[in-house]
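**Student:**
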Amino acid sequence: MNGSGKRHLLKLFQLLLILVFPLGYLHAQDSLRLKIESRLFEVSQEIPGLSFVLQVQENDKDLSVFDLNRSAENGIWVSDTIADFKSIAQLKDTVFLATGHEGLLTFLIFGKEAEAEATGEFLENLVRNELLLKNDISNANGFEEGALLVMASKVPFTPYHKMKTKILSDTKMLLLVSTLVLFLIASVILVSIMYVVKVKKGKRDLLTQKFKELSFEPLSNLLFEHSLEELKNFDKKRFESFFPVDHLKNNLFKDVMIMEIISLNKNMKGDFKSKLKTIYRKLELDLHSIKKLSSKKWDVITAGIVEINEMDVVEAVEKVKKFAGSENFNIRSNAVATLLNISNDPELKVLVNQDYPLSKWQQMVYFRIIKFINNSQEKVRVDFLFESKNESVRIFGYKLVRYLGLFELLDILLIKYKNATIVEKTEMIKCFDAFSYQDALDLLHRDLYTSDKALFLGIVGVLQNIGNPISESLLQEKLNSGLDFESKKAVMQSLNALNPEDLAKWNIQSKDAEVHQIYDHLIDPVLINV
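Right under this line is the structure:
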């Protein structure tokens, strides 16, 4: 072999050494790394000063879903620094199963990158200084080296790092977040609605005040500078000339005008009332009031009915009638009051046909209207109320007999009394008492044996005023039957009014201490009215 051939062989040998020794070194490094990773799997705690980073070579996969960040310089995907080895190992396995790319674990000792050999020495040093229990990184459990890895490979894989939306997998957290979001949205909507309503109300109040000022002077001029005949002869255009033309088409201005007219109408008399009603009709405000009856808002309907009632808009009677049976208390109450006032119905049919019970407030309002009609117009037929199917209407009719002094209806009450309810009888006997109607004594004597205490006390009170000797005997009989204190006192009070001498004799004969106390109370001039 010549010199040239030897030189070629030398170069080939050198090249072989360059290839073989790094492979051997890499194999040794991989073996050491695997050994260290196997030992780290057995550690049950984080190792102070030791942390890990996962690096994945550049590829076409988006690994940001695994919380990996891409380096702008070399395109390598890098994880955050993780102190727990099991967590970084699970992340490595998850990336591999999802993408097929093997990641490289980098060891960091106190934040600086270290080789596998240096990491192994670091662990041994921790064991020597008793900073890491030897049992944690030894085969104390009796497993041979690598056996733990084999067993771990048989456990079903559960990825630790999921998508960035991993919060969605926690039902409780999802419900909490959803509740907070809904609460926030509801709060924003509520505040927005309140703000809009407040702004609208403020604007409406300002306009109302402005319209009041604009309507005051024209109304004063029409009322005090023109006679009723002149106002009746004015046409619509003449009336409109007194007011701002643009505002007459505004519904709010019309509402303000109506309120001002109604307010003046309540406080004025004579021709001024007629003038106000003329102005109301000439400006066609009556049509505006009638139009409110077509609204879907109960407060607007109620306002329209009240305006029709105050200004006697008779032509709206038929439209108001359909509200007399409304489920809404305010609409129904005002509709019935309006029909009583302007419908010219002396038979009170609107009350007779009422299905809903009458409240005390309603009865007070209706009584004022019926009293006015009965005194100034045609006499009302209160007796028609006795035939109503509504008990509260019948009772209201009995009250009207007493309030209006309709003694001519007492004979009808006498007939109705036999089949009346307890509540009706209680109201009827008040009528008998008010008119001292002794024809009812027979019925009262019969009901003196009632089991209803309220009715009994009512009858005893009536007998005190209109009773006869028969009444005395019956009351004495009841007194001996064992009554409660209140009933006993009422009976003795009636007997004292009918025949005080007999009561005094009976008191002497009685052995009941309670009777003596009540009698002493009745004859005491100081306590007689107590």
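Taking the UniProt record's numbering, the leading residue of the sequence shown gets 1, the next gets one more, and so forth. The beta carbon of each residue, even a glycine, is placed where N, CA and C say it ideally should be.
Can you tell which of GLN362, GLN354 and ARG381 has its C-alpha closest to the C-alpha of ASP345?
**Tutor:** The residue with the shortest Cα to Cα distance from ASP345 is ARG381.
**Student:** For LEU229, I'd like the list of residues in its chain whose CB is within less than 8 Å of its CB, leaving aside the five on either flank, ordered along the chain.
**Tutor:** Before going on, a small fix: residue 229 reads as Glu here, not Leu. Within the same chain, GLU229 has no close Cβ partners at all.
**Student:** To the nearest angstrom, report how far apart VAL306 and GLU327 are at their CA atoms.
**Tutor:** Cα-Cα distance, rounded: 17 Å.
**Student:** Three-state secondary structure (DSSP) at ILE466?
**Tutor:** Note: ILE466 maps to helix in three-state DSSP.
**Student:** Please identify the residue among GLN509, ILE429 and LYS210 whose C-alpha is closest to the C-alpha of VAL462.
**Tutor:** That would be ILE429, whose Cα lies nearest to the Cα of VAL462.
**Student:** State buried or exposed for GLU378, treating a residue as buried only when at least 16 other CB atoms are found within 10 Å of its CB.
**Tutor:** By the neighbour-count rule (16 or more Cβ atoms within 10 Å), GLU378 is not buried but exposed.
**Student:** Per DSSP, ARG70 is paired with what?
**Tutor:** According to DSSP, ARG70 bridges with TRP77.
**Student:** Please determine, among VAL460, VAL199 and ASN468, the residue with the shortest C-alpha to C-alpha distance to GLU486.
**Tutor:** Ranking VAL460, VAL199 and ASN468 by Cα distance to GLU486 puts VAL460 first.
**Student:** Write down the C-beta distance between LYS488 and LEU479 rounded to the nearest angstrom, noting that I regard them as a contact closer than 8 Å.
**Tutor:** Between LEU479 and LYS488 the Cβ distance is about 7 Å, and since that is below 8 Å, they are a contact.
**Student:** Got a sec, what are the start and stop residues for the beta strand (DSSP E) VAL56 sits in?
**Tutor:** Element bounds for VAL56: 50-56.
**Student:** Leaving out the 5 sequence neighbours to the left and right, which residues in its chain are closer than 8 Å to residue 533 when beta-carbon positions are compared?
**Tutor:** There is simply no residue 533 to check, as the chain begins at 1 and stops at 530 in what is shown.
**Student:** Start and end of the alpha helix (DSSP H) containing THR278?
**Tutor:** Taken as a continuous stretch (DSSP letters only), the alpha helix (DSSP H) holding THR278 covers 271-282.
**Student:** State the Cα-Cα distance for the pair residue 550 and VAL177, rounded to the nearest angstrom.
**Tutor:** Outside the shown range of the chain (1 to 530) lies residue 550, about which nothing can therefore be said.
**Student:** Do GLU260 and SER215 have their CB atoms nearer than 8 Å?
**Tutor:** Going by C-beta atoms, GLU260 is nearer than 8 Å to SER215.
**Student:** Cα separation between ARG402 and TYR437?
**Tutor:** Straight-line Cα distance between these residues: approximately 12 Å.
**Student:** Using CA coordinates, which residue listed in LEU287, GLU217 and THR106 is at the minimum distance from MET311?
**Tutor:** Minimum Cα distance to MET311 is reached at LEU287.
**Student:** Taking 8 Å as the limit between beta carbons, can you name the residues of its chain near HIS516, skipping five residues before and five after?
**Tutor:** Excluding positions up to five away in sequence, the list reads ASN507 and SER510.
**Student:** Hey, how far is the Cα of SER343 from the Cα of ASP433?
**Tutor:** Going from the Cα of SER343 to the Cα of ASP433 covers about 34 Å.
**Student:** Here's a check: name, in chain order, each residue in its chain whose Cβ is nearer than 6 Å to the Cβ of SER471, leaving out the five neighbours to either side.
**Tutor:** Counting only Cβ-Cβ distances below 6 Å, and skipping sequence neighbours, we find LEU463.
**Student:** What distance in whole Å lies between the Cβ atoms of ASN265 and LEU276, which are believed to be in contact at a cut-off of 8 Å?
**Tutor:** Contact flag correct, Cβ pair sits at about 5 Å.
**Student:** Which of the three DSSP states is assigned to GLU113 in this structure?
**Tutor:** GLU113: strand per DSSP, three-state reduction.
**Student:** So, is ASN334 buried or exposed, given that buried needs 16 or more other C-beta atoms within 10 angstroms?
**Tutor:** Counting Cβ neighbours within 10 Å, ASN334 comes out buried, since at least 16 surround it.
**Student:** Go through its chain and collect everything with a Cβ distance to LEU34's Cβ below 6 Å, but skip five positions before and after it.
**Tutor:** Taken in chain order, the list of residues that qualify is empty.
**Student:** Which residues in the same chain as GLU427 place their Cβ atom closer than 6 Å to its Cβ, once the five residues preceding and following it in sequence are excluded?
**Tutor:** Answer for GLU427: ILE395 and TYR398, listed in chain order.
**Student:** Is it true that the CB of LEU222 sits closer than 8 Å to the CB of PHE242?
**Tutor:** Yes.
**Student:** Alpha carbon to alpha carbon, how far is GLU102 from VAL78?
**Tutor:** If you take the alpha carbons of GLU102 and VAL78, they lie about 13 Å apart.
**Student:** GLU145 by DSSP, collapsed to three states: which one?
**Tutor:** Low per-residue confidence applies at GLU145: pLDDT is 48, beneath 50, and the placement is therefore not dependable, though the value from the model is reported in the following sentence. Coil at GLU145, not helix or strand.
**Student:** Could you check the C-alpha separation between ASP524 and ASN465 for me, to the nearest Å?
**Tutor:** If I take the Cα positions, the gap works out to 21 Å.
**Student:** Could you tell me the alpha carbon to alpha carbon distance between LEU522 and ALA513, rounded to whole angstroms?
**Tutor:** Those two C-alpha atoms are separated by around 14 Å.
**Student:** From ASP235 to LEU410, what distance separates their C-alpha atoms?
**Tutor:** Going by the C-alpha atoms only, they are around 54 Å apart.
**Student:** Am I right that MET279 and ALA316 are in contact with their C-beta atoms under 8 Å? What's the rounded C-beta distance?
**Tutor:** Before going further, note that residue 279 is Ile rather than Met in the sequence given. The pair is not a contact, with the Cβ atoms about 18 Å apart (cut-off 8 Å).
**Student:** With DSSP run on the structure shown, which of helix, strand or coil describes LEU340?
**Tutor:** In this structure, LEU340 counts as helix in the three-state DSSP scheme.
**Student:** Among ARG332, GLU387 and GLY49, whose alpha-carbon lies nearest the alpha-carbon of GLN363?
**Tutor:** Comparing Cα-Cα distances from GLN363 to each of ARG332, GLU387 and GLY49, the minimum goes to ARG332.
**Student:** Can you list, in chain order, the residues of its chain with a C-beta nearer than 7 Å to that of ALA324? Leave out the 5 residues immediately preceding and following it.
**Tutor:** Cβ within range, chain order: ARG332, ALA335, VAL336, LEU339 and VAL350.
**Student:** Would you identify the three-state DSSP class for PHE239, choosing helix, strand or coil?
**Tutor:** Correct three-state label for PHE239: helix.
**Student:** Within the same chain, show all residues whose beta-carbon is closer than 7 Å to that of LEU32, passing over the 5 residues directly before and after it, in chain order.
**Tutor:** These residues qualify, in order along the chain: ALA116, GLU117 and GLY120.
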